[in-house]
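**Student:** If you use UniProt numbering, the sequence shown closes out at 188, no skipped numbers anywhere. Quick reminder that beta carbons are idealized off the backbone N, C-alpha and C, glycines included. Remember, predicted model here, so these are calculated numbers, not experimental data. Sharing a structure with you now.
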Amino acid sequence: IQDSLTFIINGEQLTVKTKGCDPEIGPQYLLVDYLRDKLGLTGTKYMCREGGCGACVVKVKSPNHVAGRNTSVSANSCLLPLFACDGLEITTVEALGNRKTGYNEIQDRLVKFGGTQCGFCSPGFVMNMHSVAEANPDFTSQDVENSLDGNICRCTGFRPILDAFKSLSV
Ligand code: FES
Ligand code: FES
19 IQDSLTFIIN GEQLTVKTKG CDPEIGPQYL LVDYLRDKLG LTGTKYMCRE GGCGACVVKV
79 KSPNHVAGRN TSVSANSCLL PLFACDGLEI TTVEALGNRK TGYNEIQDRL VKFGGTQCGF
139 CSPGFVMNMH SVAEANPDFT SQDVENSLDG NICRCTGFRP ILDAFKSLSV
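Written out as structure tokens, the structure reads:
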């Protein structure tokens, strides 16, 4: 095991010692727990903790050796060991927008279309959509349909959520 991990979270470079500092942080320690419990970034939610609900989705940017540049994907932080995050750039919903600084367009549309009630699923949907839009700014309605099957909403039903994101498509 290497001595430390270095990654960027919401634009800030962080280094975590892996030996002798925090007994909780071991090979099975998950990114979702680090975000919420160590950094207080509780916008990232969790429910199933097994990759089935999408509540914990964050955006991960990493080098893509095939494309020859960094590319972004959405990732379930409940499935991502912190030890696998070395060198990654991670973005959580807190970095997108908020009441004080103003909302990101994706967040805005979700509200305007009535796609959020209890709001528990919303950060995961927003981060998934944000990753899709960053990877391909010319995303289509079909891309929205294809990309959100890993996110579950228990409140609104899916139509207003899909309509909100499709309103941003080409
Ligand atoms: Fe459900 Fe991560 S908590 S997918
Ligand atoms: Fe409540 Fe989606 S708005 S779970």
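I'd like to know whether the C-beta atoms of Leu59 and Thr110 end up nearer to each other than 9 Å.
**Tutor:** It is a contact, given that the beta carbons lie within the stated cut-off.
**Student:** Looking only at DSSP bridge pairs, what is Phe25 linked to?
**Tutor:** Leu32, per the DSSP bridge assignment.
**Student:** Within the continuous beta strand (DSSP E) that includes Arg127, where are the two ends?
**Tutor:** Note, Arg127: premise wrong, no beta strand (DSSP E); alpha helix (DSSP H) at 123 to 130.
**Student:** Given a cut-off of 9 Å on the beta-carbon distance, is the pair Val75 and Thr62 in contact?
**Tutor:** For Val75 and Thr62, yes; Cβs fall inside 9 Å.
**Student:** Is the Cβ-Cβ distance between Phe138 and Cys173 less than 9 Å?
**Tutor:** Yes, they are a contact pair.
**Student:** Using three-state DSSP, classify Asn154 as helix, strand or coil.
**Tutor:** DSSP places Asn154 in coil when its eight states are reduced to three.
**Student:** Identify whether Lys184 lies in helix, strand or coil by the three-state DSSP scheme.
**Tutor:** Helix, per DSSP.
**Student:** Please name the residue, chosen from Ala85, Ala113, Cys71, Gly86, that lies closest to Ala93 on a Cα-to-Cα basis.
**Tutor:** Measuring from the Cα of Ala93, the nearest candidate turns out to be Cys71.
**Student:** Does the beta-carbon distance from Glu152 to Ser80 come in below 9 Å?
**Tutor:** Cβ distance not < 9 Å, so Glu152 and Ser80 don't count as in contact.
**Student:** Nearest by alpha-carbon distance to Asp40: which of Asn154, Phe143, Ser22 is it?
**Tutor:** The residue with the shortest Cα to Cα distance from Asp40 is Ser22.
**Student:** Please report the Cβ distance between Val188 and Asp156, rounded to the nearest whole angstrom; I am assuming they are in contact, meaning their Cβ atoms lie under 8 Å.
**Tutor:** Contact holds; Cβ gap of about 5 Å.
**Student:** Ends of the beta strand (DSSP E) at Ser90?
**Tutor:** Note, Ser90: beta strand (DSSP E), 87 to 94.
**Student:** Label Asn169 either buried or exposed according to how many other C-beta atoms from any shown protein chain fall within 10 Å of its C-beta, with 16 as the threshold for buried.
**Tutor:** Buried, since its Cβ has 16 or more Cβ neighbours within 10 Å.
**Student:** Under a three-way DSSP split, which group does Gly69 fall into?
**Tutor:** In the structure shown, Gly69 sits in coil (DSSP, three-state: anything other than H, G, I, E or B).
**Student:** Short of 7 Å in beta carbon distance, which residues of its chain neighbour Tyr64, apart from the five on each side in sequence? Order them along the chain.
**Tutor:** If we look at Tyr64 and ignore the five residues flanking it on each side, its Cβ neighbours are Val50, Ala73, Cys74, Cys96.
**Student:** To the nearest angstrom, report how far apart Asn88 and Phe176 are at their CA atoms.
**Tutor:** Taking the straight line joining both Cα atoms gives about 31 Å.
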